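Structure first, then comments.
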Amino acid sequence: MITPEQEQQPQRMGGAGAYAPRELYASSIKELTDPSSDLAKFELFLRGYKISRDGTLIKQTDPLSNSKGIIAIMSIIESVVHHSNTLSNFSKDDMEFFFDTLKVDLITEVMINRIAYGIERKNRFLIIGNSMRFAYSFSKRAFEEGDRKFWKGSMTEVKHTQESIEGRKSLTMNPFSWFKK
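Here's what the structure looks like:
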């Protein structure tokens with residue numbers, strides 16, 4: 010049974026599903042393109058932890074490396090996975106460059122410093138493989154304007170241009186220059 014209060018309330022057409030994600034989340038573009046929380050989760054994976062649904066840390070396994078090694082691995086990953094890359098426009102050549110350097114840096118770091126970082130033989134491929142897949146998934150968002158195309162309708166690009174015309178006299182907006190000869 011409909012109450013008189015319910016009859017007076019305006020009816021909404023459609024629901025949350027009637028709108029495209031861009032319209033729903035246009036105000037939260039920063040939150041949706043910022044990889045910080047995913048980087049933190051990946052670091053927890055390297056440390057052998059995961060976050061439960063209620064927000065507590067659960068130890069799953071032994072760390073894949075000591076703290077010094079995890080910091081080094083994360084710094085290599087963060088050189089590719091960061092907030093300014095998400096809305097960039099990477100070509101195929103850019104992507105190849107990123108992943109060639111990422112691969113070389115990770116392999117070099119893990120293999121040369123394996124003893125200093127306490128990395129076991131069985132964990133080397135796990136660290137390198139998961140790091141590459143993690144970085145790939147975020148960098149793919151910037152391939153040929155991926156996320157940038159998605160957000161194009163809800164973000165404004167501001168371009169400033171300044172033209173200098175020398176040798177041409179014109180009336181300027183500075184009143185002190187109006188009477189100069």
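Numbering (the numbering used here), first residue to last: 10 to 190.
Think of the CB as a built atom: it goes at the ideal place given N, C-alpha and C, for glycine as much as any other residue.
Quick caveat: nothing in here was measured; it's all calculated off a predicted structure.
1. Under a three-way DSSP split, which group does residue 128 fall into?
2. Starting from the Cα of residue 71, find the closest Cα among 134, 86, 55 and give me that residue.
3. Tell me the DSSP bridge mates of residue 111?
4. Near residue 91, which residues of its chain fall below 8 Å by C-beta distance, leaving aside the five closest residues on each side in sequence?
5. Please name the residue or residues paired with residue 68 in a DSSP beta bridge.
6. Would you kindly work out how many angstroms separate the C-alpha atoms of residue 64 and residue 52, rounded to a whole number?
7. Ignore the nearest five residues each way along the sequence and tell me which others in residue 137's own chain have a CB closer than 7 Å to its CB.
8. Please state if the CB of residue 78 and the CB of residue 68 are separated by a distance shorter than 9 Å.
9. Would you tell me roughly how many angstroms separate the C-alpha atoms of residue 74 and residue 127, rounded to the nearest one?
10. Considering only the alpha carbon of each residue, which of 134, 47, 60 lies closest to residue 87?
11. Assign residue 89 to buried or exposed, taking buried as 16 or more other Cβ atoms, counted over all protein chains shown, within 10 Å of its Cβ.
12. Pick out whichever of 139, 124, 60 has its Cα sitting closest to the Cα of residue 111.
13. Compute the Euclidean distance between the alpha carbons of residue 50 and residue 113, then round it to the nearest angstrom.
14. Using a threshold of 9 Å, state whether the C-beta atoms of residue 148 and residue 104 are closer than that.
15. With burial defined as no fewer than 16 other Cβ atoms inside 10 Å of the residue's Cβ, what is the status of residue 125: buried or exposed?
16. Could you say which of 82, 123, 66 lies nearest to residue 143 if we only look at CA atoms?
Here's the rundown:
1. Residue mapping note: residue 128 aligns to position 119 of the sequence shown, counting from 1. In the structure shown, residue 128 sits in coil (DSSP, three-state: anything other than H, G, I, E or B).
2. As a first step, residue 71 must be located in the sequence shown, where it is residue number 62. Of 134, 86, 55, the residue nearest in Cα terms is 55.
3. Indexing the sequence shown from 1 puts residue 111 at position 102. Note: residue 111 is not bridge-paired with any residue in the DSSP secondary-structure output.
4. The sequence position of residue 91 within the sequence shown is 82, counting from 1. Excluding sequence neighbours, residue 91 sits near 44.
5. For the purposes of this step, residue 68 is taken as the residue at position 59 of the sequence shown. BP columns for residue 68 point to 58.
6. To locate residue 64, count along the sequence shown from 1; it is residue 55. To locate residue 52, count along the sequence shown from 1; it is residue 43. When rounded, the distance between both Cα atoms is 16 Å.
7. Here residue 137 is taken as the residue at index 128 of the sequence shown, counted from 1. Sequence-distant Cβ neighbours of residue 137 in its own chain, meaning closer than 7 Å and more than five residues away, are 115, 116, 119.
8. On the sequence shown, position 59 is the one that residue 68 refers to. On the sequence shown, position 69 is the one that residue 78 refers to. No, the pair does not count as a contact, with Cβ atoms beyond the cut-off.
9. Start at 1 with the first residue of the sequence shown, and residue 74 comes out as number 65. Start at 1 with the first residue of the sequence shown, and residue 127 comes out as number 118. Take the alpha-carbon of residue 74 and the one of residue 127: they are about 5 Å apart.
10. Along the sequence shown, read from residue 1 onward, the residue named residue 87 stands at position 78. Residue 87 has its Cα closest to that of 47, out of 134, 47, 60.
11. Looking up residue 89 in the sequence shown gives position 80. Burial call: buried.
12. Translated into positions along the sequence shown, residue 111 becomes position 102. Among 139, 124, 60, the Cα nearest to that of residue 111 belongs to 139.
13. In the sequence shown, the residue the question calls residue 50 occupies position 41. In the sequence shown, the residue the question calls residue 113 occupies position 104. One C-alpha to the other measures close to 23 Å.
14. One-based indexing of the sequence shown puts residue 148 at position 139. One-based indexing of the sequence shown puts residue 104 at position 95. Cβ atoms of residue 148 and residue 104: closer than 9 Å.
15. By one-based count along the sequence shown, residue 125 stands at place 116. By the Cβ neighbour-count rule, residue 125 is exposed, with fewer than 16 other Cβ atoms within 10 Å of its own.
16. Position 134 of the sequence shown, counting from 1, holds the residue named residue 143. Ranked by Cα distance from residue 143, the first of 82, 123, 66 is 82.
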